[in-house]
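Asker: Below: one structure in structure tokens.
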Amino acid sequence: MNNVFVICEVDEGKIADVSLELMTKGRSLANQLKCKLEALVLGHNLKGIEKELYPYGADVVHIGDDERLDPYTTLPHTSVIVDLFKKEEPQIALLGASTFGRDLGPRVSSALQSGLTADCTSLEIGPHEDKKAGKTYEDLLYQIRPAFGGNIVATIINPDCRPQMATVREGVMKKEIYDATYKGKVSKIEVDKILKPEDLVVNVIERHMEKSKVNIKNSSIIVSGGYGVGSKENFNMLYELAEVLGAEVGASRAAVDAGYAEHERQIGQTGVTVRPKLYIACGISGQIQHTAGMEESSMIIAINNDPNAPINKIADYAITGDVGEVVPKLIKFYKQNTK
Amino acid sequence: MVKRRIVNSLILIYLSTVNNSLPKIETMGLNVIVLAKQVPDTRNVGKDAMKADGTVNRAALPAIFNPEDLNALEQALRLKDKYPGTTITILTMGPGRAADIIREGLYRGADNGYLLTDRAFAGSDTLATSYALSCALKKMSKIDLIIAGRQAIDGDTAQVGPQVAEKLGLPQVTYAEEVLSAETGKITIRRRLERGVETVEMPLPGVITVNASAPECRPRNAKLLMKFKHARTITERQNEAEDYIDLTADRPYLNIEEWSVNDIETDMNWLGLSGSPTKVKKIENVVFQAKEAKRLTPADEEMDELMKELIANHTIG
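Residue numbers (our numbering), protein chains in the order written: chain B, 35 to 373; chain Z, 269 to 585.
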């Protein structure tokens with residue numbers, strides 16, 4: 035009772051990365067709250083799936099295995115989760131801010147009257163004092179998220195309703211094995227007793243999934259490279275930085291024309307226009323054709339050998355130096371400071 | 269006098285039956301509600317958008333029709349093109365000036381609009397908003413389909429659509445990109461997911477939310493602009509200048525229905541701040557209004573400091 039729950043997403047028979055990232059976060063929250071971490075997996079042909087979750091510190095893995103739960107549709111998943119949550123009364127429930135979580139989360143929270151904070155970038159535990167009502171709360175979940183197009187960061191709390199629900203985007207939290215030998219237990223959900231005919235009215239007729247595509251347009255952080263990066267091999271550094279930051283890699287037209295990056299990564303007048311929270315321009319001089327597609331970024335960091343590069347005019351930070359020297363340092367100090 | 273009125277309305281009824289029976293094919297007119305929100309344009313945040321204390325200066329941001337709600341309206345308009353007899357009603361909740369987006373919708377082909385406005389709704393989170401909207405929707409006549417944008421740009425939560433569906437006990441399809449058909453009580457929709465597309469079928473009535481990848485909304489239509497430019501809510505009519513002539517008696521379509529909390533059936537406990545399980549504890553301004561770039565060298569301590577700063581202000585990490 036009153037434990038931390040992670041609603042897991044199944045992707046091609048495996049637990050999705052975003053869910054494992056939330057397991058890692060959920061484990062640390064559960065430790066802080068001195069309660070258990072429980073995972074919830076719904077789908078079909080899930081035999082053995084609990085083994086993917088134990089190393090992340092799952093004390094209990096609730097499994098609902100039924101062909102009517104795959105492919106995912108909103109209503110049967112909602113019914114099973116609402117039923118379980120009414121029994122288990124979790125204090126916190128987390129799910130990925132994917133199309134799955136952003137479809138399912140609000141439906142579940144509405145049915146439970148619990149409230150939900152979307153796309154959190156940080157989750158912390160802390161107290162709260164409601165001076166008006168003369169009430170104090172211990173151990174609330176601080177659900178921290180950008181709002182207003184990323185211009186503000188709000189800390190949201192949910193003092194009185196449970197569970198405290200939040201969605202988190204993929205890549206925001208870190209996935210880390212908690213204990214490779216950790217052992218939890220499985221709790222089977224009797225799906226048959228829960229589902230009603232009215233849960234099954236929406237049918238998936240056709241599904242066409244592609245391998246992950248470049249998605250710079252919706253990325254909140256972009257690491258972008260120009261001709262100054264020097265080679266296709268040097269671009270690998272940018273991919274590495276993007277990976278640790280949860281970012282996408284973009285490129286200027288000059289870099290694309292030189293064959294350093296694929297065309298679909300091109301940012302600028304003839305490419306995609308982006309407005310990320312953070313844009314790291316590596317070896318990009320800052321021609322207007324490029325800046326037109328990224329100048330509305332909330333923050334711009336420019337890395338360039340030339341202290342007078344035009345990009346520095348719109349940058350918030352201008353690092354004068356070699357991309358090959360600066361980028362590995364950014365990776366190193368990011369890792370050091372987020373441990 | 270009274271008699272003549274009755275005769276007149278009888279004639280009207282007669283005419284409308286005749287009109288309806290003219291096309292021999294049975295039309296599949298749908299009653300579509302578009303949920304729309306007026307939002308501050310967070311995509312064009314200027315220098316004065318944030319106050320010195322770090323809070324948002326809403327007055328400095330232009331108020332616009334939420335972009336994905338326009339994508340939703342376009343899907344409704346396409347249904348109207350395809351299925352004659354379809355009516356489109358815009359429902360919005362907000363302050364009085366939100367009537368602007370209803371007019372914007374009328375200029376593009378919507379048939380009428382409802383503005384839900386009351387101080388009792390102030391401070392609503394998504395759940396309280398969804399509750400208020402669902403109460404208004406329950407009061408409206410038979411609804412076939414509710415279409416909303418996936419999310420609003422001021423909050424980006426994508427919650428109101430699914431929560432309205434839940435409150436009304438209706439099925440939902442989110443991330444819709446195109447309504448393929450809406451016949452025989454069923455709607456077929458193509459959805460855009462992170463890594464692919466999915467075609468789903470949902471019985472009507474139901475709720476769909478439309479993604480930004482769906483076709484853009486058509487522009488204003490000049491004829492409709494002329495027709496609806498004097499469309500007003502009752503409050504707007506009352507606030508007009510003295511020489512204002514109320515046209516709604518002759519042209520009832522110029523009335524934008526305005527509902528307060530008293531016009532819908534609600535439990536006050538579920539409205540506004542008290543109906544909102546989530547509360548804002550703290551707001552921080554994260555936009556760096558650096559006038560000039562901060563110059564850095566690749567020295568270790570400077571790179572370390574930069575990363576610490578970015579993590580501390582939630583830009584990364």
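All C-beta atoms, glycine included, are put in the ideal place defined by N, C-alpha and C.
If the cut is a Cβ gap below 7 angstroms, which residues of chain Z does B/Pro193 touch?
Answerer: Correct list: Lys547.
Asker: Which whole-angstrom value describes the C-beta separation of B/Ala200 and B/Thr151, a residue pair presumed to lie in contact below a C-beta threshold of 8 angstroms?
Answerer: 5 angstroms
Asker: Could you name the residues of chain Z that B/Tyr273 contacts, counting a contact when the two beta carbons are closer than 7 angstroms?
Answerer: Under the 7 angstroms cutoff, chain Z gives no residues; its nearest Cβ is about 16 angstroms from B/Tyr273.
Asker: Are Z/Val441 and Z/Ser402 closer than 8 angstroms when you measure CB to CB?
Answerer: no
Asker: Rounded to whole angstroms, what's the CA-CA distance from B/Asp117 to B/Val44? Just pull it up for me.
Answerer: 20 angstroms
Asker: How would you call Z/Arg519, buried or exposed, if buried means at least 16 neighbouring beta carbons within 10 angstroms?
Answerer: exposed
Asker: Would Z/Glu466 pass as an interface residue toward chain B - the criterion being a Cβ-Cβ separation below 8 angstroms?
Answerer: So yes, Z/Glu466 belongs to the interface.
Asker: Closer than 9 angstroms by beta-carbon distance: list the chain Z residues that pair up with B/Phe119, in chain order.
Answerer: Listed by position along chain Z, the residues whose Cβ is nearer than 9 angstroms to that of B/Phe119 form an empty set, because the closest Cβ is around 14 angstroms away.
Asker: On the criterion of 16 or more Cβ atoms from any shown chain inside 10 Å, does B/Val75 qualify as buried, or is it exposed?
Answerer: buried
Asker: Within 8 angstroms (strictly less), CB to CB, does B/Met207 reach chain Z?
Answerer: no
Asker: Determine whether the Cβ of Z/Thr565 lies closer than 8 angstroms to any Cβ atom of chain B.
Answerer: At least one chain B Cβ lies under 8 angstroms of Z/Thr565.
Asker: Considering B/His297, what are the terminal residues of the beta strand (DSSP E) in which it resides?
Answerer: Careful: B/His297 lies outside any beta strand (DSSP E) and carries neither H nor E.
Asker: Taking only three categories from DSSP, how would you classify B/Tyr351?
Answerer: strand
Asker: Does DSSP put B/Gln66 in a helix, a strand or coil?
Answerer: Note: B/Gln66 maps to helix in three-state DSSP.
Asker: For B/Glu329, would you say it is in contact with chain Z, using Cβ-to-Cβ distances shorter than 8 angstroms as the test?
Answerer: It does not; no Cβ of chain Z falls within 8 angstroms.
Asker: Within 10 Å of its beta-carbon, does B/Val38 have 16 or more other beta-carbons around it, so buried, or fewer, so exposed?
Answerer: buried
Asker: Classify Z/Lys292 as buried or exposed, calling it buried when 16 or more other Cβ atoms lie within 10 Å of its own Cβ.
Answerer: Reliability of the predicted coordinates at Z/Lys292 is poor, the pLDDT of 41 falling under 50, and the value obtained from them is presented with this limitation in mind. The residue is exposed, with fewer than 16 neighbouring Cβ atoms inside 10 Å.
Asker: Quick one: grab the DSSP three-state call for Z/Gln557.
Answerer: Low confidence applies to Z/Gln557: its pLDDT is 45, below 50, so where it sits in the model is not reliable, and the reading given next is rough at best. In the structure shown, Z/Gln557 sits in coil (DSSP, three-state: anything other than H, G, I, E or B).
Asker: Can you tell me where the alpha helix (DSSP H) with Z/Ile579 in it begins and where it stops?
Answerer: 568-580
Asker: Using the beta-carbon of each residue, which ones in chain B are nearer than 8 angstroms to Z/Lys435?
Answerer: Ser144
Asker: With DSSP as the reference, label B/Cys195 as helix, strand or coil.
Answerer: Shown here, B/Cys195 sits in coil according to DSSP, grouped into three states, outside any helix or strand.
Asker: Which bits of chain Z does B/Asp153 rub up against, with CB to CB less than 7 angstroms?
Answerer: Counting only Cβ-Cβ distances below 7 angstroms, B/Asp153 has contacts in chain Z at Asp424, in chain order.
Asker: Using Cβ-Cβ distances below 8 angstroms, what residues of the region 390-404 of chain Z are close to chain B?
Answerer: Asp393, Thr394, Leu395, Ser398
Asker: So what's Z/Gln431 in DSSP terms, helix, strand or just coil?
Answerer: The answer is helix: DSSP assigns Z/Gln431 an H, G or I state.
Asker: Could you list which residues in chain C have their beta carbon closer than 9 angstroms to that of Z/Lys576, in chain order?
Answerer: Judged by its chain identifiers, the structure shown contains no chain C, and its protein chains are B and Z.
Asker: Which residues, in order along the region 169-181 of chain B, keep a beta-carbon less than 9 angstroms from a beta-carbon of chain Z?
Answerer: Answer set for the region 169-181 of chain B: Leu174, Tyr176, Gln177, Ile178, Arg179, Pro180, Ala181.
Asker: Would you kindly work out how many angstroms separate the C-alpha atoms of B/His242 and Z/Ala450, rounded to a whole number?
Answerer: 22 angstroms
Asker: Could you confirm whether any beta carbon from chain B is found closer than 8 angstroms to the beta carbon of Z/Tyr375?
Answerer: no
Asker: If you measure from the beta carbon of Z/Leu461 to each beta carbon in chain B, is any gap under 8 angstroms?
Answerer: yes
Asker: Please report the residue range of the beta strand (DSSP E) in which B/Ala73 lies.
Answerer: 71-77
Asker: Could you name the residues of chain Z that B/Arg61 contacts, counting a contact when the two beta carbons are closer than 8 angstroms?
Answerer: Correct list: empty, because the minimum Cβ distance to chain Z is about 18 angstroms.
Asker: Using only CA atoms, which one of Z/Arg460, Z/Glu466, Z/Gly474 lies nearest to B/Glu232?
Answerer: Considering only alpha carbons, the answer is Z/Gly474.
Asker: Name the chain Z residues that come within less than 7 angstroms of B/Gly355, Cβ to Cβ?
Answerer: Thr565, Pro566
Asker: For Z/Lys435, which residues of its own chain have a beta-carbon under 7 angstroms away from its beta-carbon, when the five flanking residues on both sides are left out?
Answerer: Ser398, Tyr399, Ser402
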